[in-house]
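Shown next as structure tokens:
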């Protein structure tokens, strides 16, 4: 059957139909987005200026911050502008690009969190071989794998949606273009496409989550053999990562490991993993990781010293 596509743009319903609530949301999410940018840039700057790239943990942490900035930037600026706009529209091409960006950076973040869990497993369970296993070349290859994996996942999602005909309603009950809300607007049966989309996203989310569970189970068991000081240090580092994993995987599991259906709660859940989690990540890693705090203190102390020296 020939593909018919009369839709040139989509209309978002947004977060709320109330102008008063939208104004409040505009202020709140504008502040949140600024915190995302500043917090994650601070971590990247700290890692860069303190020359911490040689440590795999900070190497991956800096790229996690980069992905968080990109991930939230795919949806947050458009959502913030739309909160004060009467017509919340996006072009068909813009919608497909947004869909690609959400899944590309979201999937890349999942893979980076998985790689970071593997790094902690090697550091705690195989400390004598850590530098050999997690050398710079292997870290680069693992990082490249996260980006390639995210690209392959997202290109599959977009390819499944692009080949569908859109000839009728163009109103999306969401604040950004995602697979399930867009599939509801297609002028054809999307059951098979929905199954493939769910299988694609579900396999990645579930597979990564199982790997994370196994990694941290082994880590917790191995910690019993270590000293109290070593146990505290390991738990402090792993605690930050486990918190981030739970915050990110919980909402993602709710959204993507289910049949092709949409719920009224989806928008609030999406806000959590596209804005709240990227905003809290820097705070979590800063407060719970002593090494990150010390690196930031050194950076701040160095800048204060340079400023004082410059004034003289």
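Residue numbers (the working numbering): 1 to 312. C-beta atoms are modelled at their ideal positions from N, C-alpha and C, and glycine is treated no differently. Just so we're clear, the structure is a prediction, and the values are computed from it rather than from any experiment.
Simplified DSSP assignment, three categories, for residue i
| i | result |
| --- | --- |
| residue 190 | coil |
| residue 265 | coil |
| residue 272 | helix |
| residue 166 | strand |
| residue 305 | Note on residue 305: pLDDT 42, under 50, position unreliable in the model; no value is reported. |
| residue 18 | coil |
| residue 294 | helix |
| residue 120 | helix |
The alpha helix (DSSP H) enclosing residue i, as first and last residue numbers
| i | result |
| --- | --- |
| residue 155 | 136-162 |
Beta-carbon proximity list for residue i, same chain, < 6 Å, skipping 5 on both sides
| i | result |
| --- | --- |
| residue 47 | 58 and 62 |
| residue 208 | 110 and 114 |
| residue 95 | 10 and 177 |
| residue 193 | 160 |
| residue 142 | 115 |
| residue 6 | 167 |
| residue 211 | 114 |
Start and end residues, beta strand (DSSP E) containing residue i
| i | result |
| --- | --- |
| residue 176 | Here residue 176 belongs to no beta strand (DSSP E), and DSSP marks it neither H nor E. |
8 Å Cβ shell around residue i - same chain, five flanking residues per side excluded
| i | result |
| --- | --- |
| residue 30 | 80 |
| residue 54 | 136 |
| residue 70 | 101 and 105 |
| residue 15 | 21, 22, 25, 79, 83, 175, 267 and 271 |
DSSP bridge partner residues for residue i (one or two, in chain order)
| i | result |
| --- | --- |
| residue 89 | 11 |
| residue 109 | In DSSP, residue 109 forms no bridge with anything. |
| residue 171 | 11 |
Spatial neighbours of residue i in its chain, beta-carbon cut-off 7 Å, leaving aside the 5 residues before and after
| i | result |
| --- | --- |
| residue 151 | 104 |
| residue 179 | 99, 157, 161 and 197 |
| residue 130 | 122 and 123 |
CB contact check: residue i to chain B, cutoff 9 Å
| i | result |
| --- | --- |
| residue 134 | Absent here is chain B; the protein component of the structure consists of one chain. |
Mind listing, in chain order, the continuous alpha helix (DSSP H) runs of no fewer than 4 residues lying wholly within the region 36-71?
-> If we require 4 residues or more, the region 36-71 turns out to have no alpha helix (DSSP H) run fully inside it.
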